[in-house]
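Mapping of the sequence shown onto the working numbering: residues 545 to 636, in sequence order. Idealized CB from N, CA, C, for every residue including glycine. Nothing here was measured: the structure is a model prediction, and the numbers come from that model. One structure is given below, encoded as structure tokens.
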Amino acid sequence: MKPHHHVSDLKFENDFLIVTIDGETKRYALKEISPILLNAPTAARNIFDISPSGYGIHWPVLDEDISIDGLLGIRHAPHRKKESALSNRLAQ
């Protein structure tokens with residue numbers, strides 16, 4: 545499976561998250577992305593897992609998750625439920 549994003553070099557500087565996503569280093573104000581991370585102690589902030597698929601970052605001690613697409617501002621259209629011939633017939 546090809547990773548969705550390549551995430552590396554995650555660190556914190558004061559109240560900012562600094563992370564390299566797909567080779568580009570980005571800086572995010574914690575107050576804009578996660579009040580939990582903003583108020584967390586440094587030790588808890590530094591215990592995280594990067595999803596092997598590149599979809600997100602998880603802080604197990606804080607039970608906090610951030611999606612990479614969310615950080616990048618990528619919005620996905622909601623999934624539409626496909627209707628079957630049977631469900632159409634039952635609705636009539």
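Residue i - DSSP class collapsed to helix/strand/coil
i    : result
D566 : coil
D559 : coil
L554 : strand
D607 : coil
A587 : helix
Contact belief for residue i with residue j at Cβ below 8 Å, rounded distance in angstroms
i    : j    : result
S578 : I610 : 6 Å
A573 : D559 : 7 Å
Beta-bridge pairing of residue i - partner residues as DSSP gives them
i    : result
D593 : H602
R619 : The partner list for R619 (beta bridge, DSSP) is empty, contrary to what the question assumes.
Burial state of residue i (16 or more Cβ within 10 Å)
i    : result
I612 : buried
L561 : buried
L616 : exposed
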